[in-house]
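First the structure, in the form of structure tokens, and then the observations on it.
Printed below as a string of structure tokens:
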């Protein structure tokens, strides 16, 4: 009986030691989470943004200096787009090189593969993203006295641009410190013809010095299209007349353009004080004369 | 009675006429001239090699020169306090102190103007201030108000001196040879007739009124050189009053030091009495409490809020690198003198002299603390700057010029005392003769 008890105790100790050892080994290996997103800006080269991070508790911590390789369509040296290394934000950008134009044009969709190597206790990873080529067009119309913004989303299919239904797009007016959403909704979904039409009622938004501003439309991390952008300049804004802060009279202008009130105030005080001093110098002259004439 | 008055007048005149330097006076003057020459050599080096000989840099661009400038402007305010405010307030005990205060004011303001030119680095560009001057700039206001204050102070020194110049002109045989020509040029026209007396009294009264707002302006505008910029330690609406109250305190401290030295060296115990020290002690207590009040406003309120941008600056003052200097200037230069002077024994001549020195030295360090720590704590982080820009300690050239300028102020006062009566002779005689009739 005593022997059984001893064996049970030893078993419990071994089990605990094994569990702790397994946990220690788990803790020693850290999992890298690699995220790939595709971006197609207006009139610019498409690029991929690769983000490396790890989960610690409830937080995601960016991983710096993660090295990896980015391939297009297959993991082969001939398909290597670029070797990457993440920055302090855990990010790296890969622009599609011009040398891959033929590969890019050859297919309606592409697969991007990111492979990161193991480093210290960080394990090696492989992530993929499948992207279908898409584009957005913006048009405007004037219906029943109301301006309309018409956004059309197309996807590449069998070498042709086909309407992309059920795609979520964001529509906004571009501004200096952030875009101004159009309408009441945050996002709009295209109909079967790939079209979204939004009434635009703003009439007093400031534009540039010709009254122009830019309408922008984009998909936001769409599962097939990624992030694609479109923009259109419209002449709907209020003409901005730049305020000339330098040519008028002001506290920050040159001396010759000092504010009139300041000139008046300053010269009144200077005149009053120095007028009194001149009067006192005259009194000294009078005292000199009084010294010569008085008995 | 009339004979007695005449005898008293003769004695007073003999007592108060300027006297030749003794051995100590010659050594003192030689020492001051030597310090001025060393300062001049350092300034030559600065002109020759540029401001690079100083330890000022991208951050501390106003160093010991501007501290000295603020100190000189502050000390010059005493002219308006003793000469004008006391005169308008019919405070007669201050009569023997008026000329001491006024010569301190004139010499200090002269060197305040000089030290600004030294700080410029390229003094020939001073002319641009007048060609391209901007009335919107507080620097322009400072130039205008300093030159105005200098003229008023000179007039306030000169006009009450006229009756004494008559006395000096009447005693040609006792004066140095060629100085008789100076006395004659300055006061030869003064006959002391009723018309001249009337004009002179009216002129002095006008000057006494005029100098008060100009004196307030001079130090308020100097404070605005700092307060109109958005920086930790300077961004204050309190600065004008804070500067003016501190200036009156340091000026009064300087007068007390001068009173003690002149009394001791020229044996003026009969004219600068213990009553004068007692009264000046009371004035100093009042001014110290006033300045303490503004100090509390200036430091406690920002420290209570401890805004991030102000924090580094305040911590440096309270517990950091500048803490010894900060607490010395506050305690030794303000709190301890005020407490000691509350007691009658503390207002005796020797304690007052020592306390006066503490107040003036504390005030000098205080000006250094107003200028330098703020510049070492800019709002934007210090990036890509050499380590020497992050600290400031003046170079030997800066020390030599600053000490030379302080010696220059003392040299002007020393020469003035040798040439002119430091206590107004005529006014003292008039007051002596009027006293028995009361």
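Protein chains in written order, with the working numbering: chain C, 1 to 295; chain G, 296 to 733. Note that CB positions come from ideal geometry on N, CA and C, so glycine has one too.
Within chain G, the residues that residue 283 of chain C reaches when beta carbons sit closer than 7 Å | The contact set of residue 283 of chain C on chain G, defined by CB atoms closer than 7 Å, consists of 494 and 498 in chain order.
Determine which residues share a DSSP beta bridge with residue 220 of chain C and list them.
-> Residue 220 of chain C pairs with nothing; no bridge assigned.
Residues of chain G with CB under 7 Å from residue 291 of chain C, in chain order?
-> Residues of chain G with a Cβ closer than 7 Å to the Cβ of residue 291 of chain C are, in chain order, 484, 485, 486 and 491.
Bridge partners of residue 132 of chain C, per DSSP?
-> C:109
For the 8 Å Cβ check, are there 3 or more pairs between the segment 342-360 of chain G and the segment 414-423 of chain G?
-> yes
Provide the residue span of the alpha helix (DSSP H) that contains residue 571 of chain G, from first to last.
-> 569-600
How many whole angstroms separate the CB atoms of residue 239 of chain C and residue 207 of chain C, which I take to be in contact at a CB cut-off of 8 Å?
-> 7 Å
If you measure beta-carbon to beta-carbon, which residues of the segment 251-263 of chain C are closer than 8 Å to chain G?
-> 251, 252, 253, 254, 255, 258, 259, 262 and 263
Quick one: any contact between the segment 419-427 of chain G and the segment 447-456 of chain G, if contact means 3 or more CB pairs under 8 Å?
-> no
Express the C-alpha separation of residue 363 of chain G and residue 249 of chain G in angstroms, rounding to a whole number.
-> What the structure shows of chain G is the stretch from 296 to 733, and residue 249 of chain G is not part of that stretch, so it cannot be assessed.
For residue 39 of chain C, which of helix, strand or coil comes out of DSSP?
-> strand
Residue-level contact to chain G via CB, residue 276 of chain C, 8 Å cutoff = yes
When the Cβ atoms of the segment 391-399 of chain G are set against those of the segment 550-563 of chain G, are three or more pairs found closer than 8 Å?
-> As far as the Cβ criterion goes, the segment 391-399 of chain G touches the segment 550-563 of chain G, which means the pair count is three or higher.
Grouping DSSP H, G and I as helix and E and B as strand, with all else coil, what is residue 140 of chain C?
-> strand
With a Cβ-Cβ cutoff of 8 Å, do residue 437 of chain G and residue 311 of chain G count as a contact?
-> For residue 437 of chain G and residue 311 of chain G, no; Cβs fall outside 8 Å.
Output, in chain order, the set of chain C residues within a Cβ distance shorter than 9 Å of residue 443 of chain G.
-> At a C-beta separation below 9 Å, residue 443 of chain G has these neighbours in chain C: 270, 273, 274 and 277.
First and last residue of the uninterrupted beta strand (DSSP E) at residue 252 of chain C = Premise fails: residue 252 of chain C is in no beta strand (DSSP E) and is neither H nor E.
Specify the secondary structure class of residue 423 of chain G as computed by DSSP and reduced to three states.
-> helix
Under a CB-based cut-off of 8 Å, is residue 455 of chain G close to chain C?
-> Taking 8 Å as the threshold, the shortest C-beta distance from residue 455 of chain G to chain C does not fall below it.
Cα-Cα separation between residue 563 of chain G and residue 500 of chain G, rounded to whole angstroms | 27 Å
Report the residue from C:82, C:29, C:114 and C:119 whose alpha carbon sits nearest the alpha carbon of residue 64 of chain C.
-> C:119
Near residue 219 of chain C, which residues of its chain fall below 8 Å by C-beta distance, leaving aside the five closest residues on each side in sequence?
-> 134, 136, 153, 167, 168, 169, 170, 225, 226, 227 and 228
Determine which residues of the segment 422-443 of chain G have a Cβ less than 7 Å from any Cβ of chain C, and write them out in chain order.
-> 427, 428, 429, 430, 431, 439 and 443
Kindly indicate which residue of G:445, G:721 and G:559 has the alpha-carbon position closest to the one of residue 402 of chain G.
-> G:445
Tell me whether residue 485 of chain G sits in a helix, a strand or coil according to DSSP, three-state version.
-> Secondary structure of residue 485 of chain G (DSSP, three-state): coil.
Nearest-angstrom beta carbon gap, residue 173 of chain C and residue 205 of chain C [assumed within contact, 8 Å] | 7 Å
Excluding sequence positions up to five away, which residues of its chain have a Cβ less than 7 Å from the Cβ of residue 598 of chain G?
-> Around residue 598 of chain G: 609.
Assign residue 51 of chain C to one of two classes, buried (16 or more other C-beta atoms within 10 Å of its C-beta) or exposed (fewer than that).
-> buried
Helix or strand or just coil, what does DSSP make of residue 627 of chain G?
-> Three-state result, residue 627 of chain G: helix.
Taking the Cβ atom as the reference point for each residue, do residue 399 of chain G and residue 367 of chain G lie within a distance shorter than 8 Å?
-> no
Under the three-state DSSP convention, the category residue 465 of chain G falls into | helix
When the distance is taken between beta carbons, is residue 583 of chain G closer than 8 Å to residue 672 of chain G?
-> no
Looking at chain C, which residues of the segment 589-608 of chain G have a Cβ within less than 7 Å of any of its Cβ atoms?
-> If the cut-off is 7 Å between Cβ atoms, the segment 589-608 of chain G has nothing near chain C.
In the DSSP assignment, find the unbroken beta strand (DSSP E) run with residue 55 of chain C in it and report its ends.
-> 47-56
Whose C-beta lies closer than 7 Å to the C-beta of residue 388 of chain G among residues of the same chain, with five residues either side of it excluded?
-> Excluding residues within five positions, the ones whose Cβ falls inside 7 Å are 570, 571 and 574.
Nearest-angstrom Cα separation, counted from residue 576 of chain G out to residue 612 of chain G | The C-alpha of residue 612 of chain G lies about 29 Å from the C-alpha of residue 576 of chain G.
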